[in-house]
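Residue numbers (this note's numbering), protein chains in the order written: chain E, 79 to 226; chain W, 79 to 226.
The beta carbon of each residue, even a glycine, is placed where N, CA and C say it ideally should be.
Everything below concerns the one structure shown next.
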DNA sequence: TTACATCCTGGACTGTGGTCCAAGGTCATG
DNA sequence: CATGACCTTGGACCACAGTCCAGGATGTAA
């Protein structure tokens, strides 16, 4: 039979065995069946689902969001799936924009830093620590935190 | 005297009192002195340091990294501070690039999804779950995870 | 003095995504 | 049938960055 034990499944998906069990605990992935001994058995559908989970994670979805996505896909509510993906896209774009502001701030400071001499002349330390002109270049954004 | 209690300090920096104590536990911010009663007293230097910590966080530095940055600034090793910032910049740029790949993948999928009809026709679900042509559009990057 | 705000300590708890362990049971191969 | 690889469960533990709580002490103003 083309059914897999938990070890084979994990290997094929490139995750650890514990991770598979963790996903099961989290309500993301149940075995197709169990042997009388309690051993978990998985089919190709479960392998696809596990890969789904990993890919969605790589797209920036949390396990909670993936659980919702999986529930939606079972309900074949394509419109909601699309809306969820759109929301995620907006989220990703906001994160990119925030990181770009961070990059600007860092790059500006690095360019202005001589790289030697007294700490008082280092705009990086100045900008972070003081009230000098450098400070205004920083994003100063608590949203960056909240974004995760 | 222009010294502050922990509550005033926290208000001025826009953080919670518990957070100030947490930073102290973490070796980031010690009070200037204590009253005989044990009450913490902070000066303007501590306020600047606390703001430093928050700004550096906004730039994507972890508390561990900030601790190192503060240690460097005490040693007035400007060259190392600059190198640390440069490393962080590279890190931020890599994160931006990864997120941009994610954005492309999501945008492509959303554009191809009709938004109605059968789940079998939804490329979002297909790409995530199956082995279809959509799957290759995904970044498929575990680095995204590792990056934090 | 009486209120009331502020502060102290130590420790528990949150959520995220796992990872590891012990003690024992099972499966496949020679 | 013995060996070794594989599997089971329950629960502990990790990092991160806080957040909250109890129970008691202190500070300040009317």
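Chain W contact for residue i (CB, 8 angstroms cutoff)
i, result
"residue 141/E", "no"
"residue 177/E", "yes"
"residue 188/E", "yes"
"residue 223/E", "Since pLDDT at residue 223/E reaches only 33, below the 50 mark, its modelled position is unreliable, and the value read off the structure follows with that caveat. Closer than 8 angstroms: yes."
"residue 121/E", "no"
"residue 167/E", "yes"
Run of the alpha helix (DSSP H) containing residue i, from where it starts to where it stops
i, result
"residue 179/W", "156-190"
"residue 80/E", "Segment: none, residue 80/E is in no alpha helix (DSSP H) and carries neither H nor E."
"residue 130/E", "122-136"
"residue 106/W", "Counting along the chain, residue 106/W falls outside any alpha helix (DSSP H), and DSSP gives it neither H nor E."
"residue 85/E", "84-91"
Integer Cβ distance of residue i from residue j, believed to fall under 8 angstroms
i, j, result
"residue 185/E", "residue 167/W", "6 angstroms"
"residue 110/E", "residue 92/E", "Going by Cβ atoms, the distance from residue 110/E to residue 92/E rounds to 20 angstroms, so no, they are not a contact pair."
"residue 90/W", "residue 125/W", "6 angstroms"
"residue 170/E", "residue 200/W", "No, residue 170/E and residue 200/W are not in contact; Cβ-Cβ is about 19 angstroms, not under 8 angstroms."
"residue 163/E", "residue 131/W", "Not quite, the Cβ-Cβ distance comes to about 36 angstroms (not below 8 angstroms), so this is no contact."
"residue 138/E", "residue 180/W", "6 angstroms"
Option nearest residue i by Cα separation, candidates the options
i, options, result
"residue 161/E", "138/E, 94/E, 103/E and 147/E", "147/E"
"residue 85/W", "100/W, 118/W, 103/W and 102/W", "118/W"
"residue 82/W", "177/W, 143/W, 151/W and 108/W", "108/W"
"residue 194/E", "177/W, 159/W and 101/W", "159/W"
"residue 101/W", "116/W, 115/W, 128/W and 80/W", "128/W"
"residue 135/E", "176/W, 80/W and 172/W", "176/W"
Beta-carbon spacing of residue i, residue j below 8 angstroms
i, j, result
"residue 106/W", "residue 141/W", "yes"
"residue 178/E", "residue 95/W", "no"
CB contact below 8 angstroms: residue i versus chain E
i, result
"residue 157/W", "yes"
"residue 105/W", "no"
"residue 110/W", "no"
"residue 94/W", "no"
"residue 180/W", "yes"
"residue 50/W", "Past the edges of chain W, shown from 79 to 226, lies residue 50/W, and the structure says nothing about it."
"residue 90/W", "no"
"residue 149/W", "no"
"residue 87/W", "no"
"residue 184/W", "yes"
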